[in-house]
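*Asks:* Okay, handing you the structure first.
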Amino acid sequence: VQLQASGGGLVQPGGSLRLSCTGSGNIFSITAMGWSRQPPGKQRELVAGITRRGTTNYADPVKGRFTISIDNAKNTVYLQMNNLKPEDTAVYFCNAGVSLGSLKYWGPGTQVTVSS
1 VQLQASGGGL VQPGGSLRLS CTGSGNIFSI TAMGWSRQPP GKQRELVAGI TRRGTTNYAD
61 PVKGRFTISI DNAKNTVYLQ MNNLKPEDTA VYFCNAGVSL GSLKYWGPGT QVTVSS
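So, in structure tokens, the structure goes:
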């Protein structure tokens, strides 16, 4: 399984960004996709996940601000990030796997920087 993410960048606090990630390869074995992030100097943390059937979960710090969605036909997962805060600054990674609790495949990260 190969994952390719895009959409990162620099945004001011309160702004929005949308990340996209498309899977390829043995993607038919994948039933869940998600996003993780690694802030500077900190460990990676799960941000949000979604199953192909649409079940979602979110980390508490992003609830109400981030929305994850999936286009099964395109094998693409999106992360709409609104009301971004400086603490959202991190390298964001796309994940995929056979369940929300087993997102074992990782793609290259994309940098998100929230700064004025």
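Heads up: the sequence shown begins at 1 in this note's numbering, then just goes up one per residue.
Every residue, glycine too, gets a C-beta built ideally from N, C-alpha and C.
1) Pull up the DSSP beta-bridge partners for GLY125, would you.
2) Tell me the DSSP secondary structure of VAL77 in three-state form.
3) Just reading off the beta strand (DSSP E) that ASP71 is part of, what are its end residues?
4) Report the option in VAL77, GLY64, VAL62 and PRO40 whose CA atom is closest to the CA atom of ALA5.
5) Thinking C-beta only, is ASN72 closer than 9 Å to ARG52?
6) Apply the 10 Å Cβ neighbour rule to GLY14 and answer buried if 16 or more other Cβ atoms are within range, or exposed otherwise.
7) Can you tell me whether LEU103 is buried or exposed, with buried defined as 16 or more other CB within 10 angstroms of its CB?
8) Provide the residue span of the beta strand (DSSP E) that contains ARG53, from first to last.
9) Tell me, which residues are paired with ALA59 by DSSP?
10) So, ARG37 versus ALA90, is the Cβ gap smaller than 9 Å?
*Replies:* Well, looking at it:
1) Only positions 1 to 116 of the chain appear in this structure, which leaves residue 125 out of reach.
2) Residue numbering aside, residue 77 sits at position 77 when the sequence shown is read from its first letter. Strand, per DSSP.
3) In the sequence shown, counting from the first residue as 1, residue 71 sits at position 71. 66–71 is the span of the beta strand (DSSP E), which, as asked, contains ASP71.
4) Working through the sequence shown from its first residue, we reach residue 5 at position 5. Residue VAL77 is the option with its Cα nearest to ALA5.
5) Working through the sequence shown from its first residue, we reach residue 52 at position 52. Working through the sequence shown from its first residue, we reach residue 72 at position 72. Less than 9 Å separates the beta-carbon of ARG52 from that of ASN72.
6) On the sequence shown, position 14 is the one that residue 14 refers to. Answer is exposed; the Cβ neighbour count stays below 16.
7) In the sequence shown, residue 103 corresponds to position 103, counting from 1. Counting Cβ neighbours within 10 Å, LEU103 comes out buried, since at least 16 surround it.
8) Here residue 53 refers to the residue found at position 53 when the sequence shown is read from its first residue. No beta strand (DSSP E) contains ARG53, which DSSP labels as neither H nor E.
9) In the sequence shown, residue 59 corresponds to position 59, counting from 1. According to DSSP, which records beta bridges pairwise, ALA59 is partnered with nothing at all.
10) Within the sequence shown, residue 37 is the residue found at index 37, counting from 1. Within the sequence shown, residue 90 is the residue found at index 90, counting from 1. Against a cut-off of 9 Å, the Cβ pair of ALA90 and ARG37 comes out as a contact.
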